[in-house]
Amino acid sequence: MSAALREARWQIRRARRGLVGWAVALAAVAGVYIPFYPAIGGDQLQGMVDALPPELSQALGYDRIGSAAGFVTSTVYGLLGMALLLVLAVGTGARTVAGEEESGLLELSVAAPVRRTALVDGRALALVLRTAMLVLVLFAASAALVRVSDMDVAVGGLAAGSLQLWLFTTAVGLVALAVGAATGRRVVGVAVGAGLAVGGYVADAIAGLVPDAAWLADVSPYAWFLGGDPLVAGVDPGGVLRLVALGAVAWLTGRTLIGRRDLGV
Amino acid sequence: MTAIALDGLVKDYDGTRALDGVDLEVAPGEVFGFIGPNGAGKTTTMRILVDLLRPTAGTARVLGEEPRAGGPALRARLGYLPGELVLDERATARELLAHVATVRGRGAERIAPLAERFDLDLDRRIGELSKGNKQKVGLVQAVMHRPELALLDEPTSGLDPLLQREFLALVREERDAGTTVFLSSHVLSELEDVADRVALIREGRIAVVDDVAGLRAAAGQRLDVEFEGAVSAGAMDGLDEVRIDGARASGVWRGAPTPLLARLAGLPVRHVTLRDRNLEEIVLDAYRGDA
């Protein structure tokens, strides 16, 4: 087994208890929103949203809340589920290299007969796998609840949304990891990762409101994730490609830059 | 091939010079003590040897290779105990050591015997272990694969005296099995019995390198003497650091003791002691710059 795979396995093993907690939380997010759609959804909810200023409902992503797929997007995939996964991905990404370097935990790993690049590869892979497992849990919970509630949401749409949610949160997490690996400072990794997620969200909202700023959606990772409305329209190949590219560039940057500096000082 | 060869090693960071031209050679098979106060550059040197830090100038060679160029293949031949040991609190000692053995590809068979020897409970989570027990985990991972060169930064910190003795016995055994040991300390007495040679570092420079016997000879012996009456003139000639207080006198004698004993035999001595100076005193000399 290669050094990177061994490292990934060890990282996931170490985090296994925490992973269960995150899985429960994500399943709960689906559980507190989706079953209420049949009671409050459809025309009633659409009426409430229509009463809001259109700019506000659009910025909040509520403009699509009237349909079942739009409701799941606006509450679970585009809001609370996404937020939880971003917290996990950014927190893990920044901690797994920079945080452990600051605490001194990385010292033994770097002194072991393993390349620094393999340490970054393994930790990046562990992050990719952890978000994948959690998105799978969210997908399974959502699919089951949608079926039980007899809602008009295609499983294919949920799968497309899940894929893009996974790619979005993972890419942002990898940016936090890369910045941490390049600087050795956890807080910088968290700031850049969180800034990218929030900045992308704001850019997407502005792009929807100001015609001259429509180009902002092209550079917003949040728009790459949800702009194509994957729960309704299915996979958005352009968005998927950009998210994969963002994650790949971050990973390559992190593994290159960590080799060029002093560690733990 | 030398086990460690440092040539004009300089390391700057954060605007301070941590190492200021360190020259040092450690021969294969020896136990080499690296002594200095905190902040003298011991940990910086260790970290350069395992490629955590890169030199600003000068070269370091470990088992014939530069640490960065040697990469994982070189580090596979090393054991390393960090000066500030931080271990994953969530894992048990057994899990962590098994993982280290997997990464290194050897050493697993020595985990249980070493744990037993140091009375280490492998099944408790590391977060629940005392500082001394964590240090044992650090020691086991540093030597269990029988490295060619063990780099141990303050290995006895946190160990009680009994365990320190057990650890030093282990160091001798590893040396006899072929491991070169490079260990640092700011407590000199514990290296006195185990180190073949000792280097004293202060403010990023090597002050003295010698074997323990040589340091002792250079250090001389301390004479304390009490006369029947006032100290006679010339009684303390040839001694350094002479102090006279009424009928008592003390000083440091270097060289063979026969002439000193002959002189004292002709004087009215009430009480006399002559003893080796310990390494602490020698190092104090070196720190003052007169060794």
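Residue numbers (the working numbering), protein chains in the order written: chain A, 1 to 265; chain B, 1 to 291. Beta carbons: idealized from backbone N, C-alpha and C, even for Gly.
Chain-ordered chain A contacts of residue i [CB-CB under 7 Å]
i: Thr-102 (chain B); result: Arg-6
i: Ala-91 (chain B); result: Arg-14
i: Arg-54 (chain B); result: Asp-262
Straight-line Cα distance separating residue j from residue i
i: Ala-27 (chain B); j: Leu-136 (chain A); result: 57 Å
i: Arg-9 (chain A); j: Gly-204 (chain B); result: 41 Å
i: Leu-122 (chain B); j: Arg-94 (chain B); result: 5 Å
i: Arg-115 (chain A); j: Ala-256 (chain B); result: 55 Å
i: Gly-247 (chain A); j: Gly-138 (chain B); result: 36 Å
i: Asp-262 (chain A); j: Gly-31 (chain A); result: 47 Å
i: Leu-53 (chain B); j: Pro-147 (chain B); result: 21 Å
i: Gly-99 (chain A); j: Ala-178 (chain A); result: 12 Å
i: Leu-108 (chain A); j: Gln-141 (chain B); result: 10 Å
i: Arg-13 (chain A); j: Ala-28 (chain A); result: 24 Å
i: Pro-72 (chain B); j: Ala-101 (chain B); result: 15 Å
i: Arg-260 (chain A); j: Phe-168 (chain A); result: 28 Å
i: Leu-24 (chain B); j: Ser-220 (chain A); result: 55 Å
i: Leu-215 (chain B); j: Ala-76 (chain B); result: 34 Å
i: His-186 (chain B); j: Thr-44 (chain B); result: 15 Å
i: Val-198 (chain B); j: Val-212 (chain B); result: 7 Å
i: Leu-45 (chain A); j: Asp-229 (chain A); result: 19 Å
i: Gln-11 (chain A); j: Ala-111 (chain A); result: 17 Å
i: Pro-155 (chain B); j: Ala-265 (chain B); result: 46 Å
i: Ala-262 (chain B); j: Ala-217 (chain B); result: 20 Å
i: Phe-182 (chain B); j: Gly-33 (chain B); result: 6 Å
i: Ala-247 (chain B); j: Val-272 (chain B); result: 12 Å
i: Ala-291 (chain B); j: Arg-254 (chain B); result: Confidence is the limiting factor: at Ala-291 (chain B) the pLDDT is only 41, short of 50, which leaves the residue's position unreliable, though a coordinate-based value still follows. Their Cα atoms are separated by approximately 12 Å.
i: Ser-142 (chain A); j: Leu-158 (chain A); result: 8 Å
i: Leu-5 (chain A); j: Leu-114 (chain B); result: 28 Å
Beta carbon of residue i nearer than 8 Å to that of residue j
i: Leu-234 (chain A); j: Gly-156 (chain A); result: The question names Leu, but residue 234 (chain A) in the sequence shown is Gly. Their beta carbons are under 8 Å apart, which means Gly-234 (chain A) touches Gly-156 (chain A) by this criterion.
i: Val-293 (chain B); j: Asp-240 (chain B); result: With chain B covering 1 to 291 only, the question about residue 293 (chain B) has no answer from this structure.
i: Gly-83 (chain B); j: Asp-153 (chain B); result: yes
i: Ile-35 (chain B); j: Leu-260 (chain B); result: no
i: Val-72 (chain A); j: Leu-231 (chain A); result: yes
i: Ser-250 (chain B); j: Asp-224 (chain B); result: yes
i: Leu-78 (chain B); j: Ile-4 (chain B); result: no
i: Leu-188 (chain B); j: Lys-134 (chain B); result: no
i: Ala-292 (chain B); j: Leu-6 (chain B); result: Summary: the structure shown does not reach residue 292 (chain B), with chain B confined to residues 1 through 291, and so no result is reported for it.
i: Arg-90 (chain B); j: Arg-125 (chain B); result: yes
i: Glu-23 (chain A); j: Leu-134 (chain A); result: A quick correction: the sequence has Ala, not Glu, at residue 23 (chain A). In contact: Ala-23 (chain A) and Leu-134 (chain A) (Cβ atoms closer than 8 Å).
i: Gly-161 (chain A); j: Tyr-77 (chain A); result: yes
i: Leu-84 (chain A); j: Ala-140 (chain A); result: no
Contacts that residue i makes with chain B (C-beta to C-beta distance below 9 Å)
i: Val-114 (chain A); result: Pro-72, Arg-75, Val-103
i: Glu-102 (chain A); result: In chain order: nothing, as chain B lies at least about 10 Å away.
Contacts of residue i in chain A (Cβ-Cβ under 8 Å)
i: Val-294 (chain B); result: Only positions 1 to 291 of chain B appear in this structure, which leaves residue 294 (chain B) out of reach.
i: Pro-82 (chain B); result: Gly-104, Glu-107, Leu-108, Ala-111
Identified DSSP bridge partners for residue i
i: Ile-244 (chain B); result: B:Ala-249
i: Tyr-77 (chain A); result: Looking at the DSSP assignment, Tyr-77 (chain A) forms no beta bridge with any residue, so it has no partner.
i: Phe-281 (chain A); result: Outside the modelled stretch of chain A, which goes from 1 to 265, sits residue 281 (chain A), for which no answer is possible.
i: Val-22 (chain B); result: B:Leu-9
i: Thr-59 (chain B); result: B:Asp-7
i: Tyr-33 (chain A); result: The partner list for Tyr-33 (chain A) (beta bridge, DSSP) is empty, contrary to what the question assumes.
i: Arg-261 (chain A); result: Arg-261 (chain A) pairs with nothing; no bridge assigned.
i: Gln-164 (chain A); result: Beta-bridge pairing links Gln-164 (chain A) to no other residue.
i: Gln-221 (chain B); result: B:Trp-253, B:Asp-276
i: Ala-150 (chain B); result: B:Gly-79, B:Val-181
i: Ala-199 (chain B); result: B:Phe-34, B:Val-209
i: Glu-65 (chain B); result: B:Val-62
Interface partners of residue i on chain B, CB under 8 Å
i: Gly-254 (chain A); result: Neighbours of Gly-254 (chain A) on chain B: none; closest Cβ ~18 Å, over 8 Å.
i: Ser-220 (chain A); result: What Ser-220 (chain A) touches in chain B: nothing, since even the nearest Cβ is about 37 Å away.
Per-residue contacts from residue i into chain B (C-beta, under 7 Å)
i: Trp-10 (chain A); result: His-99
i: Leu-105 (chain A); result: Val-86, Asp-88
Residue i at chain E interface by Cβ criterion, 8 Å
i: Ala-76 (chain B); result: Going by chain labels, chain E is absent from the structure shown, which instead holds the protein chains A and B.
Near the ligand FMN: residue i beta-carbon under 7 Å from a heavy atom
i: Gly-247 (chain A); result: With respect to small molecules bound, the structure shown includes none, and the ligand FMN cannot be examined in it.
Chain-ordered chain A contacts of residue i [CB-CB under 9 Å]
i: Pro-67 (chain B); result: Within 9 Å Cβ-Cβ: nothing; Pro-67 (chain B) doesn't reach chain A, min ~10 Å.
*With contact counted as at least three CB pairs below 8 Å, one residue from each stretch, are the segment 202 to 214 of chain A and the segment 141 to 159 of chain A in contact?*
Here the segment 202 to 214 of chain A does not lie against the segment 141 to 159 of chain A, with fewer than 3 beta-carbon pairs under 8 Å apart.
*Just checking, does the segment 189 to 198 of chain A make contact with the segment 122 to 131 of chain A on the three C-beta pairs under 8 Å criterion?*
no
*Report yes or no: do three or more beta-carbon pairs, one from the segment 47 to 61 of chain A and one from the segment 159 to 178 of chain A, lie closer than 8 Å?*
In short, these stretches do not touch, since the Cβ pair count stays below three.
_Three or more C-beta pairs below 8 Å linking the segment 224 to 233 of chain B and the segment 62 to 81 of chain B_ = no
*Okay, do the segment 3 to 13 of chain B and the segment 158 to 165 of chain B touch, 3+ Cβ pairs below 8 Å being the bar?*
no
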